[in-house]
Amino acid sequence: MGKNTIRPRGVTTIVVVNSIAALLTVAFWGLVCVRLFAQQTPPAELDRGSLATAFGFMIGDLIWATLLLLLSVVGLWRLRSWGWLAAQMANILWIYSMTVVWSRDFYATTMSPGGILFLPFVPFSVWATFYLWNCRELFFQATANGR
1 MGKNTIRPRG VTTIVVVNSI AALLTVAFWG LVCVRLFAQQ TPPAELDRGS LATAFGFMIG
61 DLIWATLLLL LSVVGLWRLR SWGWLAAQMA NILWIYSMTV VWSRDFYATT MSPGGILFLP
121 FVPFSVWATF YLWNCRELFF QATANGR
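First residue of the sequence shown? That's 1 in our numbering, and the numbers climb one at a time after it.
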């Protein structure tokens, strides 16, 4: 970032929140692994399909969500277009995956720990999507200027 470029406070806020989200995602799935693998048999409330779904979400979150969140943190901090794109992709991923989780929880008539823990990231992602769209020129001007 050049001397004359000032990072907007909203971008800094997104960097901080996405950093927290990446850490929480890794910690959450780490605790799930400890719970599932520390026992000889899976918890009684998890049938084979539920266990497979949980593992699928875990693998997807640890690979894609965490990667996108980390790329967005670095790229937004440096005001890069690829950071803007990674942040937008992470925002949409939050909205999509939490819609799936809430639909599942609604059908099961109980909120899951992940559904509760990650709830605040959805309204934040909606806000961040619109915020980043409105200041997209900042990221693409920086890229055009060779930064």
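In this text, a Cβ means the ideal position worked out from N, Cα and C, and glycines have one as well. Treat the numbers as computed from the prediction; the structure is a model and nothing was measured.
Residue from the options with nearest C-alpha to residue i
{"i": "D47", "options": "T12, Q141, W133, A108", "result": "A108"}
{"i": "L117", "options": "M98, E137, T129", "result": "M98"}
{"i": "W127", "options": "I95, S103, L138, M111", "result": "I95"}
{"i": "V100", "options": "F140, T53, A27, F139", "result": "T53"}
{"i": "F55", "options": "F140, C33, F121, S72", "result": "C33"}
{"i": "L62", "options": "A21, T110, Q141, S125", "result": "A21"}
{"i": "L70", "options": "R136, R78, A86, P113", "result": "A86"}
{"i": "P123", "options": "R7, N91, Q39, A38", "result": "N91"}
{"i": "F57", "options": "A38, M89, L93, R78", "result": "L93"}
{"i": "G114", "options": "L31, M89, V16, P8", "result": "L31"}
Environment of residue i [buried if 16+ CB atoms lie within 10 Å]
{"i": "W29", "result": "buried"}
{"i": "R80", "result": "buried"}
{"i": "L68", "result": "buried"}
{"i": "I14", "result": "buried"}
{"i": "L132", "result": "buried"}
{"i": "L23", "result": "exposed"}
{"i": "V11", "result": "buried"}
{"i": "F121", "result": "buried"}
{"i": "T25", "result": "buried"}
{"i": "S103", "result": "exposed"}
8 Å contact criterion, which residue i and residue j should meet: CB distance rounded
{"i": "W157", "j": "G75", "result": "Outside the displayed range of the chain (1 to 147) lies residue 157, so it cannot be described from this structure."}
{"i": "V73", "j": "N134", "result": "That belief does not hold up - the Cβ atoms of V73 and N134 are roughly 20 Å apart, past 8 Å."}
{"i": "W84", "j": "F37", "result": "With 8 Å as the limit, W84 and F37 do not qualify as a contact, their Cβ atoms being about 38 Å apart."}
Residue i beta carbon near the ligand SAH (any heavy atom closer than 7 Å)
{"i": "F106", "result": "Questions concerning the ligand SAH fall outside what the structure shown contains, since it holds no ligand whatsoever."}
Inset, instruction - Pick out the complete alpha helix (DSSP H) segments inside the stretch 59-108, 4 residues or longer, and give them in chain order. - result: Complete alpha helix (DSSP H) runs here, min 4: 66-77, 81-108.
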